[in-house]
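Chains as they are written, first to last, in the working numbering: chain A, 1 to 117; chain B, 1001 to 1117.
What follows is one structure encoded as structure tokens, with my remarks underneath.
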Amino acid sequence: DTEVTQTPKHLVMGMTNKKSLKCEQHMGHRAMYWYKQKAKKPPELMFVYSYEKLSINESVPSRFSPECPNSSLLNLHLHALQPEDSALYLCASSQDDLVRGLSYEQYFGPGTRLTVT
Amino acid sequence: AQSVTQLDSQVPVFEEAPVELRCNYSSSVSVYLFWYVQYPNQGLQLLLKYLSGSTLVKGINGFEAEFNKSQTSFHLRKPSVHISDTAEYFCAVSKVRGWAGAQKLVFGQGTRLTINP
Chain A
1 DTEVTQTPKH LVMGMTNKKS LKCEQHMGHR AMYWYKQKAK KPPELMFVYS
51 YEKLSINESV PSRFSPECPN SSLLNLHLHA LQPEDSALYL CASSQDDLVR
101 GLSYEQYFGP GTRLTVT
Chain B
1001 AQSVTQLDSQ VPVFEEAPVE LRCNYSSSVS VYLFWYVQYP NQGLQLLLKY
1051 LSGSTLVKGI NGFEAEFNKS QTSFHLRKPS VHISDTAEYF CAVSKVRGWA
1101 GAQKLVFGQG TRLTINP
């Protein structure tokens, strides 16, 4: 099973709202990722968690706050977003081999389509 | 740093014709190579990957790609396309690392494949 699930599928929020995006995988992967994708563009990396620790933050504004409660779950908390934050938010996971220092292909979820009004 | 160039932003092809989507990369270190497909309003699906070994890689849906180290290319091919292959295709690379920690994928800008009846 190579499934990554994301909820909700669609989200409309105002600029003063607080909401969260959720991502889950049960493949035993220890690396999880958040990407933002605008229309007709490739995904842009936002955050990476490796073994539940934040490994990479690509200078994302603080209105986006990631959280990794356990090895299967990844959340993205949203607060005071701007209309330009409207995009498809993708979660991904990959196997991360600490012993051999290797990381493998990423598996993506279906995404959450976010609209900020 | 790595970079990926997808030479064609759009490729129109007639059904049952062969197709090649071109991908060139730049890197000073060894890389892993991937092709992902994105159907409308969906996440990214892994088509195929090159990690090591044989330079001809077969993937899902009848696609294959050949890794050419001297030309730093990883072109995607299919001998006979179907209407259902209409999608956005992304080439991506990541570094082969000797240490643990999650990988960063570098994407090309994407190629829109349109299959005409």
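We put the beta carbon where it would ideally sit given N, CA and C, even for glycine.
Which bits of chain A does residue i rub up against, with CB to CB less than 8 angstroms?
| i | result |
| --- | --- |
| glutamine 1109 of chain B | Lys41, Pro42 |
| leucine 1113 of chain B | Those within 8 angstroms of leucine 1113 of chain B in chain A number zero; the least Cβ separation is about 14 angstroms. |
Quick check: what's the CA-CA separation for residue i versus residue j?
| i | j | result |
| --- | --- | --- |
| proline 1018 of chain B | phenylalanine 1090 of chain B | 18 angstroms |
| valine 1029 of chain B | tyrosine 104 of chain A | 16 angstroms |
| leucine 114 of chain A | lysine 1078 of chain B | 34 angstroms |
| serine 1052 of chain B | valine 1096 of chain B | 10 angstroms |
| serine 1054 of chain B | tryptophan 34 of chain A | 31 angstroms |
| glycine 1110 of chain B | tyrosine 1032 of chain B | 18 angstroms |
| glutamate 1088 of chain B | arginine 1112 of chain B | 4 angstroms |
| glutamine 95 of chain A | glutamate 24 of chain A | 14 angstroms |
| histidine 10 of chain A | glutamine 1071 of chain B | 42 angstroms |
| serine 93 of chain A | serine 1003 of chain B | 22 angstroms |
| proline 8 of chain A | tyrosine 89 of chain A | 11 angstroms |
| valine 72 of chain A | proline 1117 of chain B | Here residue 72 of chain A is serine; the residue named in the question, valine, does not match the sequence. Distance between the alpha carbons of serine 72 of chain A and proline 1117 of chain B: 43 angstroms. |
| lysine 41 of chain A | leucine 21 of chain A | 21 angstroms |
| threonine 1005 of chain B | glutamine 1042 of chain B | 23 angstroms |
| cysteine 1023 of chain B | leucine 1007 of chain B | 6 angstroms |
| tyrosine 1036 of chain B | alanine 1065 of chain B | 12 angstroms |
| tyrosine 1025 of chain B | valine 1093 of chain B | 8 angstroms |
| asparagine 1061 of chain B | asparagine 70 of chain A | 34 angstroms |
| aspartate 1085 of chain B | leucine 1056 of chain B | 21 angstroms |
| alanine 87 of chain A | glutamine 106 of chain A | 20 angstroms |
| serine 1009 of chain B | histidine 26 of chain A | 35 angstroms |
| lysine 38 of chain A | alanine 1001 of chain B | 23 angstroms |
Is the beta carbon of residue i less than 8 angstroms from the beta carbon of residue j?
| i | j | result |
| --- | --- | --- |
| phenylalanine 1034 of chain B | leucine 1021 of chain B | no |
| phenylalanine 64 of chain A | leucine 76 of chain A | yes |
| threonine 1114 of chain B | proline 1040 of chain B | no |
| serine 50 of chain A | alanine 31 of chain A | yes |
| leucine 45 of chain A | lysine 1058 of chain B | no |
| phenylalanine 1014 of chain B | tyrosine 1050 of chain B | no |
| cysteine 91 of chain A | valine 4 of chain A | yes |
| leucine 1048 of chain B | phenylalanine 1063 of chain B | yes |
| proline 43 of chain A | phenylalanine 1107 of chain B | yes |
| aspartate 85 of chain A | valine 116 of chain A | yes |
Interface residues of chain B around residue i at Cβ under 8 angstroms?
| i | result |
| --- | --- |
| leucine 78 of chain A | The premise fails here: leucine 78 of chain A is roughly 19 angstroms from chain B at the closest Cβ pair, so nothing lies under 8 angstroms. |
| leucine 45 of chain A | Lys1104, Leu1105 |
Name the chain A residues whose beta carbon is nearer than 7 angstroms to that of residue i?
| i | result |
| --- | --- |
| phenylalanine 1034 of chain B | Glu105 |
| glycine 1043 of chain B | Leu90, Phe108, Gly109, Pro110, Gly111 |
| phenylalanine 1090 of chain B | Pro42 |
Starting from the beta carbon of residue i, find every residue of chain A whose beta carbon is closer than 9 angstroms, and list them in chain order.
| i | result |
| --- | --- |
| lysine 1049 of chain B | Tyr104, Glu105 |
| leucine 1046 of chain B | Thr2, Glu105, Gln106, Tyr107, Phe108 |
Three CB pairs or more closer than 8 angstroms across the segment 78-96 of chain A and the segment 7-18 of chain A: Touching, yes.
The segment 106-117 of chain A in contact with the segment 52-69 of chain A per 3-pair CB rule at 8 angstroms: Verdict: no, contact absent.
Those runs of the alpha helix (DSSP H) which lie wholly inside the segment 1014-1083 of chain B and span at least 4 residues: The alpha helix (DSSP H) runs lying completely inside the segment 1014-1083 of chain B and spanning 4 residues or more number zero.
Complete alpha helix (DSSP H) runs within the segment 38-113 of chain A (minimum length 4 residues, chain order): Taken in chain order, the complete alpha helix (DSSP H) segments of 4 or more residues contained in the segment 38-113 of chain A number zero; there are none.
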